[in-house]
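To keep things clear, I will list the structure first and then write my remarks on it.
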Amino acid sequence: MPSTRSPRRALTAAVALLALTTATACGADAADGAQTKELRYQGSVGQVTLPELAADLGYLGDVTLDWIGNVTGGPADIQATATGQSDFGGAFNGAIVKLQAANAPITAVVSYYGSDAQTFQGYYVLDDSPIRGPRDLIGKRVGMNTLGAHAEAVLRTWLARGGLTAAEIGKVELVALPPVNTEQSLRARQIDVAVLGGVIRDKAVANGGIRTVFTDYELLGAFSAGSYVFRDDFLTRNPDTVRTFVTAVGKAIEWARTQPRETVVARLKAIIAKRGRNEDTTLVEYWKSSGVAGTGGLITDREFATWIDWLADSGELKGERPKPSDLYTNRFNAAAATGGGA
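Letter by letter, the sequence shown follows residues -27 to -1, 1 to 315 of mature numbering (1 follows the signal peptide of the UniProt record, and there is no 0).
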C-alpha cells in the first residue's frame, strides 16, 4: 500500500530544482525571440485532456502539443511545469496555492475541471459499510488519487464541518492510490472509503455494490476546482502562444458543453484511437461534462479563496494570506472580453 507521507518534501524539492532548470527551459524557447509554438505536456491514460480536445477540433491553430508522458496527479503535473520539465500543467487550485506559496513562479490561466450536478468527486463505501457520517471515519482508511490536493481538501473540510477536532481528523488515514486501482482496493476491503470522480466514478457505480457517503458538489455546490498553469517567464516570452492555448481550451469547454453527449464521447474515443497509445476507451464512454463553472474556463476569486482559507486555517500557509487575484489571470482568455475576467 502506498505511503501516506505528506507531499511537502516533494514540493520543496520541486521548487529547489526551479533555479537549476529555468535557464534550460528559457533556452528551449526560440533564441531569436520568436514565440514557441510547441507546448510540452503530460496526459492521462485512457482519457482526453481539454488541450488535446482543442487540438483535435482545430482550435490551437499553429500551436502544437508535444506529449511527454502521463501523470497520475495534479501536484506532480504543476511541479513539472514549475521546474521546466513541461510547459503547462494542471492541478487542484489548492495545490496551486501551496506551490505558489513555496515561491514557485507560476500563474493559473484557465479552469479545466470542476464539479457540478453531472460531474463530481464522490466518497464511496461498500453497501454493507457502517460508515454514514464524519465521525464514522475516525480510524478508517480513505483512498484517493493524490494527497495534498482536491480530494484531501474536500474530505478535511467535510470532517471539520461535521464537528471533528483537528486531532480526530488526524486519525483518518489517507492512502494515495492510482485512480484505476481505487475501486478495486475498496472492493477488496484494503481501504474503507474510495474517492472516485468523473468517468472512473461512473464506471464503479455502474458495477454496483457501492454507495455514496457525500460528494464535493453536495458540500460546496457547483465550482471550478482546478486550473492550468504556466511559468511566469513563459507567459512573458510567449503571450500570443498562451493566448491561443487558453482561448482554445475555453472554446473546447464550450464545445463540449453545447454538443450532445454522444457527439462528445464519439470524438474522445476517436482521439484516443488516433494517438495510438494502446489505451482502453471504456472510461470516456461514461463522460458527462467537464464540470467547469465559468464560461470558457474563466477563473474567479472564489475558486482560490475557498482553498486559501482552508490551507491557512489548517496551518499549511504561514504569514499573510495571498490574494486570489495574485494567483491567476484571465487576461489571456478571449472569454474575458464578455465580462467576468481579471
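Note that the Cβ used here is the ideal one computed from N, Cα and C, for glycine as well. Fair warning: this is a prediction, and the values are worked out from it, not measured in the lab.
Contacts around residue i, its chain only, beta-carbon distance under 7 angstroms, and the 5 residues preceding and following it disregarded
i    : result
L284 : G67, V70, K71 and L290
T214 : Q8, T9, K10 and V36
Y86  : A198, G199, S263, G264 and V265
L147 : T(-24), V115, M117, L120 and E125
L30  : A225 and W228
V237 : A229 and W260
E258 : V238
V98  : I104, D165, V166, I183, R184 and V186
Residue range of the unbroken beta strand (DSSP E) whose run includes residue i
i    : result
I79  : I79 to S88
E289 : No beta strand (DSSP E) holds E289; DSSP gives it neither H nor E.
G135 : No beta strand (DSSP E) holds G135; DSSP gives it neither H nor E.
E11  : E11 to G16
L120 : From DSSP, L120 is part of no beta strand (DSSP E); its letter is neither H nor E.
I41  : T37 to N43
E252 : From DSSP, E252 is part of no beta strand (DSSP E); its letter is neither H nor E.
E146 : E146 to A149
Endpoints, alpha helix (DSSP H) assigned at residue i
i    : result
Q91  : From DSSP, Q91 is part of no alpha helix (DSSP H); its letter is neither H nor E.
N154 : P152 to R160
L72  : N66 to A74
T236 : R234 to R248
A189 : Rather than Ala, the amino acid found at residue 189 in this sequence is Asp. From DSSP, the alpha helix (DSSP H) with D189 extends over D189 to L193.
Collapsed DSSP secondary structure at residue i in the structure displayed
i      : result
L30    : coil
Q52    : helix
F277   : helix
S298   : helix
A167   : strand
R114   : strand
E125   : helix
A229   : helix
R174   : helix
V257   : helix
G199   : strand
G62    : strand
R105   : coil
A7     : coil
L23    : helix
G143   : coil
G57    : coil
G47    : helix
A(-18) : With a pLDDT of 45 at A(-18), under the threshold of 50, the modelled position of this residue cannot be trusted; read the value that follows with caution. Helix at A(-18).
Bridge partner(s) assigned by DSSP for residue i
i    : result
L208 : Answer by DSSP bridge pairing: none, since L208 is not bridged.
F305 : According to DSSP, which records beta bridges pairwise, F305 is partnered with nothing at all.
F218 : Answer is none; F218 lacks a bridge partner.
V98  : R184
V265 : Looking at the DSSP assignment, V265 forms no beta bridge with any residue, so it has no partner.
Chain-order list of residues whose beta-carbon lies under 8 angstroms from that of residue i (same chain, five-residue window excluded)
i    : result
I79  : I51, T54, A55, I69, L72, Q73, V202, F203, R204 and D205
N180 : E156
Y14  : T22, P24, L38, D39, W40, I41, S59, D60, F61 and G62
I142 : R129, L132 and A133
6 angstroms Cβ shell around residue i - same chain, five flanking residues per side excluded
i    : result
I173 : P152
K113 : D165
A177 : E156 and L169
G19  : E252, D253 and L256
heavy atom of the ligand ZN below 6 angstroms from residue i C-beta
i    : result
T119 : Summarising the ligand content, the structure contains no ligands, and the ligand ZN is consequently not present.
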